[in-house]
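Under UniProt numbering, think of the first position of the sequence shown as 1, with each following residue one higher. Here is the structure we will look at, set down as structure tokens.
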Amino acid sequence: MTTRKRILITGASSGLGEGMARRFAAAGRDLALCARRTDRLDALAAELTERHPGIRVAVAGLDVNAHDDVFTVFRSLAAELGGLDRVVVNAGLGKGQPIGTGYFAANRQTIETNLVAALAQCEAAMELMREQNAGHLVVVSSFSAIRGMPRNMTAYGASKAGAAALADGIRADVHGTPIRVSTVLPGFIESEMTSRSGGRTPLVAGADRGADAMVKAIESERAAAYVPSWPWTPLSVLLRVLPVGVFRKLV
């Protein structure tokens with residue numbers, strides 16, 4: 001399997017994005033890291049290049065909802081590293097409230113960030129990959145994409161289902177070419193987002209285990225992967241077929 005040497009990660013200033021960056025750096029990969037919080041990116045880049053002096057780390061401030069900036073930043077980072085071999089569409093938002101309870105703005109922001117901005121990132125990445133006729137696009141979706149989610153997760157789940165469908169369509173479009181497309185569907189993994197749930201989220205994997213599982217799934221370049229595989233792969237089968245009343249109580 002081809003080693004993807006130059007990797008771009010959005011949402012890299014914290015959480016899974018930061019965890020993936022650390023692991024890819026330890027494996028000797030060059031990195032292009034994007035996020036809104038540039039102070040965190042600069043500190044991470046300095047730390048990684050000190051620990052792994054053989055790698056290059058390029059950083060750029062980026063709000064993925066500024067769609068024109070996505071195209072500009074991706075091209076700039078690709079030029080700085082001499083190309084990109086893998087792009088991880090990871091930036092996301094976990095806001096949300098039950099539909100019809102007066103929180104349209106929060107639900108809209110979640111869908112705009114997790115789906116429309118993901119489209120912008122995929123468009124920018126695929127332009128580069130089509131030009132070079134090579135590359136690996138990774139779309140970070142979520143376990144919540146498997147079916148419609150109740151309560152605070154309705155808009156979030158819908159946005160992540162859309163992102164998964166987007167990745168599926170791109171994969172079908174480039175089938176038979178050197179371009180690979182993977183959808184990664186994390187379960188509950190310790191992060192800033194899950195910490196806001198007040199510790200009530202079930203089956204939360206530790207941040208280190210989650211990042212290890214993410215990188216392993218990405219490196220396999222499978223079409224789709226639930227991470228960590230246990231318990232989320234078997235749960236994905238079960239939760240699809242549960243009656244809605246039982247499903248609602250469980251989630």
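The beta carbon of each residue, even a glycine, is placed where N, CA and C say it ideally should be.
Candidates the options, of which the one nearest residue i by Cα
i	options	result
residue 186	134, 161, 3	161
residue 18	6, 47, 2	47
residue 164	137, 211, 178	137
residue 11	68, 5, 21	21
residue 170	238, 6, 123	123
residue 56	45, 64, 62, 221	45
residue 263	227, 168, 70	Only positions 1 to 251 of the chain appear in this structure, which leaves residue 263 out of reach.
residue 15	229, 178, 214, 230	214
residue 13	49, 35, 26, 145	35
residue 65	167, 119, 40, 145	119
CB contact check: residue i to chain C, cutoff 9 Å
i	result
residue 45	Here chain C cannot be found, since the structure has a single protein chain.
DSSP three-state assignment for residue i, whether helix, strand or coil
i	result
residue 7	strand
residue 222	coil
Between the CA atoms of residue j and residue i - distance to the nearest angstrom
i	j	result
residue 110	residue 75	26 Å
residue 156	residue 173	26 Å
residue 77	residue 184	23 Å
residue 108	residue 30	35 Å
residue 90	residue 151	24 Å
residue 42	residue 238	43 Å
residue 220	residue 233	16 Å
residue 175	residue 73	27 Å
residue 52	residue 28	7 Å
Length at least 4, wholly inside the region 119-185: the alpha helix (DSSP H) runs in chain order
154-173
Three or more C-beta pairs below 8 Å linking the region 127-141 and the region 71-90:
yes
Report the start-end ranges of each beta strand (DSSP E) in the region 13-82 that is 3 residues or longer and not cut off at the edges.
30-35, 57-61
Is the region 96-105 touching the region 114-124 in the sense that three or more CB pairs, one from each, lie closer than 8 Å?
no
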